[in-house]
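In what follows, a single structure is set out as structure tokens and then discussed.
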DNA sequence: GCGCTATGATTGCGCATGCAATCATGAAGA
DNA sequence: TCTTCATGATTGCATGCGCAATCATAGCGC
């Protein structure tokens, strides 16, 4: 191990790489999902997260945490999706403060349509990033993550 | 290699991990830098990127690319920092369409103050993330990135 | 030199976000 | 039961962002 400052600089470097890769991918996803399905990345995430739940529902709180947004942003995000009929709210029967959100049939349909776009854009973005020397190592590391399972 | 769908799911999984880690770190950096130095993460990035240049300056275009923001966002970001005296604009002498931005003395001072905060929060955030099983592998991979140098 | 297109940066506008305050419900204690 | 505090969600407000249109300068062909 080098000097403490070296370690800090290494972490900062890693963070810059992570942030750059993230921003580029998100940018492309945002554009593609928006144009082809009228969904923002956040909106897609919500549908995706909910659909991935065994019983398709989650409380607002858990949802905020899952998509890493503030409570207020989550409220409005859910409003937008509810207005479009992609999900439904309903009161938690045991604690009426809590509110569950649940993807609707229409929501799952839209998600099914958007998923291929999402995957294709993601794959393309990763390939493009792999060509940039400063991002390639992270792309590589990312690819190896799930092999451990 | 598994079925194509497996590969796509693996990439999606990697992306979710990356996005989650990024969001958590950025969240904490944002709060800490804002509270202690009145800087957003974007603003910090601009100062950091500029200070890292050999001659401390960059064109608007390059800056947009470096911080992965739109041109308009970059214009306004630079406006804010210029208003606070943290950087200066000046016309490119050879091409008067181009505009250089350069950190000022005050900008470097503020950056010097903010850097320790940045590093400390980053370190803490990474440690916290390493405790979450779903993020730990990526944190680990990130740590190994710069060792290859 | 004069138009035409390309490039770099800025501005108008609508929208999503975070913070802080607020409202609604639940839980605990006198 | 009534009060008080904690928890979950929503709303008012200010702000930063992206897109598209615009302005300024450069470069090319005539």
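Residue numbers (UniProt numbering), protein chains in the order written: chain E, 1 to 149; chain W, 1 to 149.
The beta-carbon is built from N, C-alpha and C at its ideal position, and this holds for glycine as well.
All of these numbers come straight from a predicted model, not from anything done at the bench.
message = Quick check on DSSP: helix, strand or coil for residue 43 of chain W?
response = helix
ask   = Does the beta-carbon distance from residue 123 of chain W to residue 8 of chain E come in below 9 Å?
value = yes
query = So, are the CB atoms of residue 63 of chain W and residue 117 of chain W less than 9 Å apart?
reply = no
Residues of the region 109–139 of chain W whose Cβ lies closer than 8 Å to any Cβ of chain E, in chain order = 118, 119, 122, 123, 126, 137, 138
Contact residues within the region 42–55 of chain E, judged by C-beta distance below 7 Å to chain W = none
message = Buried or exposed, going by whether 16 or more other CB atoms sit within 10 Å of the CB of residue 29 of chain W?
response = buried
ask   = Can you find a C-beta in chain E that's less than 9 Å from the C-beta of residue 68 of chain W?
value = yes
ask   = DSSP three-state call for residue 94 of chain W: helix, strand or coil?
value = coil
Within-9 Å CB hit, residue 18 of chain E to chain W = yes
task = Please name the residues in the region 71–84 of chain W whose beta-carbon is closer than 7 Å to at least one beta-carbon of chain E, in chain order.
result = none
key: C-beta neighbour in chain E for residue 25 of chain W, strict 9 Å   = yes
ask   = Name the chain W residues whose beta carbon is nearer than 9 Å to that of residue 143 of chain E?
value = 10, 11, 14
query = Using a beta-carbon distance below 9 Å, is residue 57 of chain E in contact with chain W?
reply = no
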